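Colleague: One structure coming up, written as structure tokens, with questions to follow.
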Amino acid sequence: MLELTGVCASYGSVPAISGVNIQIGVGEAVGLLGANGAGKSTTLRAISSLVHLTSGKITIDGIDLASLPPHKIPELGIAHVPEGRQVFPEMTVQENLEIGAYVPKAKAERSRTLDLVYSIFPRLADRKRQLAGTMSGGEQQMLAVGRGLMLKPRLLMLDEPSLGLAPVMTDVTFEKIQEIHKMGTAILLVEQNVSRALSLVQRAYVLESGRVIMHGTSAELANNKQVQAAYLGI
């Protein structure tokens, strides 16, 4: 479905990712692992056309994403839930969700998708008229994921969904992501909590200094001594 081939991107004159090759199949859950500054978020931003490619190619079903402006990427069924949640604080929960269904295909089914999001996140249904800025961090993360789902995406990209959350809310967040994946939505997960990420995804790529240094199934990476030492504290 989605394929990155030899992707390089930079911020000004500073290289961020170099020669990145990644594949994600239909309905697959894939992780992007690595330390801070490894290039994980930049990879998601490259897919969303938020950062300019210096070389390489990104395609979904053969369609070249690099040639498209950022607002056209969601029309291809790619939803990007950024790090830090970035909800609209002065808008209600429901208004935030409705914004997620702005592309024509999603807008046509907005009411039905809204019911689905509320069924996955009952807490959002209870707070639909509450201003997003007054919610807890965990509730705002639910809202950010729910807003992504309003697009009815084929691929949901999640950037550090557990960042800053209490352990109990981290558990809830990962349970909901697992539920979304079981519905058939492909997941691309960037997550610092490597053990939790490997428990959710089927495969993962490890980035270091902007390059993919390792790739394998979750079981292979969990049992890899280099991954154990660097990320799992073993």
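Using this note's numbering, the letters of the sequence shown correspond one by one to residues 448 to 681. Glycine included, every Cβ here is placed at the ideal spot set by N, Cα and C. Source: prediction; values computed, not measured.
What does Gln-470 pair with, by DSSP beta-bridge criteria?
Modeller: DSSP output for Gln-470 lists Glu-450 as bridge partner(s).
Colleague: Over the uninterrupted alpha helix (DSSP H) stretch that includes Glu-626, give me the two end residues.
Modeller: Note, Glu-626: alpha helix (DSSP H), 614-629.
Colleague: On the criterion of 16 or more Cβ atoms from any shown chain inside 10 Å, does Gln-588 qualify as buried, or is it exposed?
Modeller: Looking at its Cβ environment, which holds 16 or more other Cβ atoms inside 10 Å, Gln-588 is buried.
Colleague: Excluding the 5 residues preceding and the 5 following Ala-526 in the sequence, name in chain order all residues of the same chain whose CB lies nearer than 6 angstroms to its CB.
Modeller: Same-chain partners within the cutoff: Gly-595, Leu-598, Pro-600 and Leu-603.
Colleague: CB-CB under 7 angstroms to Ala-456, same chain, minus the five flanking residues each way: which ones, in chain order?
Modeller: Correct list, in chain order: Ala-463, Ile-464, Thr-489, Ala-493, Val-498, His-499, Leu-500 and Thr-501.
Colleague: Quick check on Ala-548: does DSSP put it in helix, strand or coil?
Modeller: Ala-548: coil per DSSP, three-state reduction.
Colleague: Kindly confirm or deny that the region 533-544 and the region 557-576 touch, where touching means at least three C-beta pairs closer than 8 angstroms.
Modeller: The answer is yes - the region 557-576 touches the region 533-544, with three or more Cβ pairs under 8 angstroms.
Colleague: With distances taken Cα to Cα, identify the nearest neighbour of Phe-568 among Gln-533, Gln-625 and Glu-530.
Modeller: With distances taken between Cα atoms, Phe-568 lies closest to Gln-625.
Colleague: Considering only C-alpha positions, which residue in the set Ile-471, Gly-472 and Glu-522 is nearest to Ser-496?
Modeller: Taking only the C-alpha atoms, the option nearest Ser-496 is Glu-522.
Colleague: The beta strand (DSSP E) spanning Glu-655 covers which residue range?
Modeller: Note, Glu-655: beta strand (DSSP E), 650-655.
Colleague: Would you list the residues sitting across from Lys-504 in a DSSP beta bridge?
Modeller: Answer by DSSP bridge pairing, in chain order: Thr-452.
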